[in-house]
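Please read the structure below before turning to the comments.
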Amino acid sequence: MITARELARGLLVLLLVLILQLTVVLEVRIGGAHPNLIVGLAIAAGLVGGTERGALMGFASGLAIDLFLPTPLGLSALVGIAVAAAAGKLVEAGVDRTNPLFLPGVAVLGSAIGVIMFAVLGAVLGQPDTLTIRLGAVVGVVAIANGILSYALVWLCKWAFPEESGGSAWRGTLVAGDRP
Amino acid sequence: MAGPRRTRRRLVLIAVLVLVSVTLITFDARSGTSHITSGLKSIAHDVFSPLISGVNDMLRPIGDFFAGAVHYGSLQSENQHLQAVIGHLRLEVNQTSALREKVRELTELANVPYLGTLKTVTAPMVNYNLSNFDADITIGKGSSSGIANGEPVVGAGGLVGVVVATSSTTATVQLITDGRSSIGVSFGPKNQTYGVAVGEGPGAGLSVLYVSALAHLHVGEMMYTNGLAGGTLPPDIPVGRVRSMHANVATGFMDVTLSPAADLSQLAYVDVVEAEPPL
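Those protein sequence lines, which keep their order, are chains H and L.
Sequential numbering from 3 applies to the first sequence in the numbering used here.
Sequential numbering from 2 applies to the second sequence in the numbering used here.
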């Protein structure tokens, strides 16, 4: 179960990342595309907090950004749940996390999958311009930005879910669901 | 290892979250219930807009300082170019002011809406392209300033877009380049040849549909809103200039692309036009 402290800290982290996404991040544009920290936060929450906490953070952060987007409410939330739960499952499966490239690698891959999933679901729901040639640029920008910022996002999530991170080092620690 | 109970609990939690998301998407997609979700979005905009404006006001000067330092050379040449443009525009204004007054008087006599006579609300741009897949901007005035859905937005040389959502303090404007945007346009000697300009997505231009392959058209020609019945835009607002065109033998129509008349990358302020739909 999530404690009140985790809930409060999780909401603070979500608020901080949301404000950053709606202000500073929108100013960073490469090839017309801007980073998407919300997907990165969901992946980081899944890696640090496990499937449950990750899915909750992915849902909440996706829903929060959906309130500001013209796309259907719930679309980013659905993507957030999927990528966070997948990241959580990956960690719980016991993969080797000692490699320093593991975290950026998961962030890059997860972000790319998240953006493509968003584009495909958007197209299914009748959103134009999601499955275009521009998708490649969006995937690239979002994935690389989240790869670069992955350690910062994980650090925020470790602060939000301190008991689960097992202390100072993220690598080689247990996640929430595996704790005895 | 996680026990079966814990695994089941996780699956239930994820299933519930997915179900809630799908329900919200369904609510948003259905016309009967979309007002609930748009109401939620409106509240979120009202709550967050002061916070976002505050953070932007705080951080923008820092960002501008670094951007200015990095792009000093190009800014200097751009400044010189703009000075030259201002000089030309001043000359044009002086030359055409008398003609413009005559046109205004004539259009008033003919009872044709003319943009100069319509009431406008000037609003600052707060954000643009919040999503990577939509072409839209958020402006810093909303329903409390009299802005309503469907109203045209102009600025930076032409039509910018149409208001698609409002909160009391902000409004979302769908740009003319958005894939969902569709505008009736006219062109030609008496503006009596019609077409429909549709957006091609963020950062792209527009394409014009239903232009006869026999129509007299040239690259660089300006297209305007046609103001036909059924549309919500007043006539004669510049929409875009023809970028390319070629006759499509298979369809009998011309394939036309437009560059927006308004510089959509330079929208510090825009005017929302309070227009009544033409009769």
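Yeah, the Cβ is synthetic: ideal placement off N, Cα and C, and Gly gets one too.
Every value quoted in this text rests on a predicted model; they were computed, and no experiment measured them.
Classify residue i as buried or exposed, calling it buried when 16 or more other Cβ atoms lie within 10 Å of its own Cβ.
i, result
"I37(L)", "exposed"
"N101(H)", "exposed"
"R31(L)", "exposed"
"I213(H)", "Coverage of chain H is limited to positions 3 through 182, which leaves residue 213(H) absent and any answer about it impossible."
"P74(H)", "buried"
"H36(H)", "buried"
"R55(H)", "buried"
"E201(L)", "buried"
"I140(L)", "buried"
"Q175(L)", "buried"
"L123(H)", "buried"
"D137(L)", "buried"
"T1(L)", "Chain L is shown from 2 up to 280; residue 1(L) falls before or after that span and cannot be answered."
"V161(L)", "buried"
"I67(H)", "buried"
"V85(H)", "buried"
"D58(L)", "exposed"
"K120(L)", "exposed"
"E79(L)", "exposed"
"N128(L)", "buried"
"F134(L)", "buried"
"A87(H)", "buried"
"V86(L)", "exposed"
"A251(L)", "exposed"
Out of the options, which has the shortest C-alpha to C-alpha gap to residue i?
i, options, result
"G107(H)", "N38(H), A57(H), A89(H), F61(H)", "A89(H)"
"V209(L)", "Y195(L), T24(L), P203(L), G221(L)", "Y195(L)"
"L265(L)", "L14(L), T258(L), G204(L), G88(L)", "G204(L)"
"S132(L)", "L39(H), P164(H), L17(H)", "L39(H)"
"R31(H)", "N130(L), V17(L), S245(L)", "N130(L)"
"F61(H)", "G221(L), L18(L), A149(L), G4(L)", "L18(L)"
"V212(L)", "T173(L), T258(L), S54(L), A136(L)", "T258(L)"
"K191(L)", "G158(L), T34(L), P236(L)", "P236(L)"
"V155(L)", "G221(L), H219(L), T226(L), S169(L)", "T226(L)"
"H219(L)", "D65(L), D47(L), F188(L)", "F188(L)"
"I148(L)", "A157(L), T167(L), G162(L)", "T167(L)"
"V274(L)", "K142(L), L100(L), T97(L), F134(L)", "K142(L)"
"H217(L)", "F254(L), G185(L), V240(L)", "F254(L)"
"Q23(H)", "A47(H), S63(H), M59(H), I45(H)", "S63(H)"
"V23(L)", "P164(H), A79(H), V26(H), S152(H)", "A79(H)"
"V144(H)", "L58(H), V50(H), G33(H), K160(H)", "G33(H)"
"V50(H)", "V141(H), L127(H), G12(H)", "G12(H)"
"L17(H)", "A6(H), E94(H), T53(H), M59(H)", "M59(H)"
"S145(L)", "S169(L), V186(L), G221(L)", "S169(L)"
"P239(L)", "A214(L), A157(L), T34(L), V94(L)", "A157(L)"
"E152(L)", "D272(L), H46(L), L25(L), A198(L)", "D272(L)"
"G221(L)", "P261(L), L234(L), V197(L), A248(L)", "P261(L)"
"V93(H)", "A57(H), A47(H), F70(H), G52(H)", "G52(H)"
"V199(L)", "A214(L), I177(L), L215(L), Q193(L)", "I177(L)"
"L183(H)", "A10(H), V126(H), F120(H)", "No answer is possible for residue 183(H): the residues shown for chain H start at 3 and end at 182."
Is residue i close to the ligand NAP? I mean its beta-carbon at under 7 Å from any heavy atom of the ligand.
i, result
"A216(L)", "Of the ligands one can find in the structure shown there are none, so the ligand NAP has no counterpart to examine."
Determine, using beta carbons only, whether residue i comes closer than 8 Å to chain H.
i, result
"V113(L)", "In this prediction, V113(L) has a pLDDT of 46, which is less than 50 and means its spatial position is unreliable; nothing more can be read from the coordinates."
"T167(L)", "no"
"L119(L)", "no"
"R181(L)", "yes"
"A327(L)", "This structure gives no information on residue 327(L), because the portion of chain L shown stretches from 2 to 280."
"S22(L)", "yes"
"V19(L)", "yes"
"V197(L)", "no"
"I26(L)", "yes"
"T258(L)", "no"
Does chain L have any CB closer than 8 Å to the CB of residue i?
i, result
"A35(H)", "yes"
"D131(H)", "yes"
"P164(H)", "no"
"E8(H)", "no"
"I150(H)", "no"
"P106(H)", "no"
"L14(H)", "no"
"R99(H)", "no"
"V93(H)", "no"
"L71(H)", "yes"
"G142(H)", "no"
"V110(H)", "no"
"V156(H)", "no"
"L80(H)", "yes"
"L18(H)", "no"
"G124(H)", "yes"
"L39(H)", "no"
At a CB-CB cut-off below 9 Å, which residues of chain C make contact with residue i?
i, result
"R136(H)", "The structure shown contains no chain C; the protein chains it does contain are H and L."
Check whether the stretch 232-245 of chain L and the stretch 84-95 of chain L touch, using three or more Cβ-Cβ pairs below 8 Å as the test. no
On the three-pair Cβ rule with 8 Å, is the stretch 110-117 of chain H touching the stretch 133-150 of chain H? yes
Which residues of the stretch 44-59 of chain H have a Cβ closer than 9 Å to any Cβ of chain L? Give them in chain order. G52, T53, E54, A57, L58
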